[in-house]
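Numbering (my numbering), first residue to last: -10 to 199. Read the structure below first, then the notes.
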């Protein structure tokens, strides 16, 4: 296979910045790569002033976010647009991390002609169950949903999005985040990682892959 272009799709509350170390290594190996910001992510994300210190959690619970109304179909269309350009240069390897797995599955179902390889990295890849049902599986047993949920701000139904306070000082919430996102990292590595996150995520997680 000719030299491929790696197209990298991030997970929930994340953005293209999280792929910087991987892209640095790929670049040093002489490989092309592009990290995608899904709609409402990266520099297009909402970071309310109330999210900054000192935080105003009451205001944060009501401020609108640009990711409201973004769907899995929107994410798939955006990635397909990137793939159509990347494919002009040769083979394409499409990689999804975490929640990005459902996006790359939707893309592969819609436009398999644009993809030469699919790669799932600790990614959501629902096959037999709905997405939400996988949270009841054994591999999720170490994650405390109550502690993670304690960092949620506002009513998702009213906001039309999920908003999480990743800048919380709540020790239980931070411990839950570390266990879920970077259990094998140091505390400093975890805080650096967490500070790449954005507060808002869209509500549409899709269903089964079929």
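Beta carbons are placed, not taken as given, at the ideal position from N, Cα and C, and that holds for glycine.
Asked: Test: residue 44 CB closer than 8 Å to a CB of chain B; Found: Note that chain B does not occur in the displayed structure, where there is just one protein chain.
Asked: Separation of residue 44 from residue 199, as counted between CA atoms; Found: At residue 199 the pLDDT is 42, less than 50, meaning the model places this residue with poor confidence; the figure from the coordinates comes in the next sentence. Rounded to the nearest angstrom, the two C-alpha atoms are 42 Å apart.
Asked: Counterpart residues of residue 85 in DSSP-defined beta bridges; Found: -2, 109
Asked: Given residue 226 as reference, the closest of 192, 125, 188, 194 once Cα atoms are compared; Found: For residue 226 there is no data in the structure shown, the boundaries of the chain being -10 and 199.
Asked: CB contact flag (residue 151, residue 163, <8 Å); Found: no
Asked: Cβ-based burial, residue 95 [other Cβ within 10 Å; buried from 16]; Found: buried
Asked: Of the listed residues 10, 70, 146, -1, nearest to residue 30 (C-alpha basis); Found: -1
Asked: When 118, 111, 80, 87 are compared against residue 101, the one with the closest alpha-carbon; Found: 80
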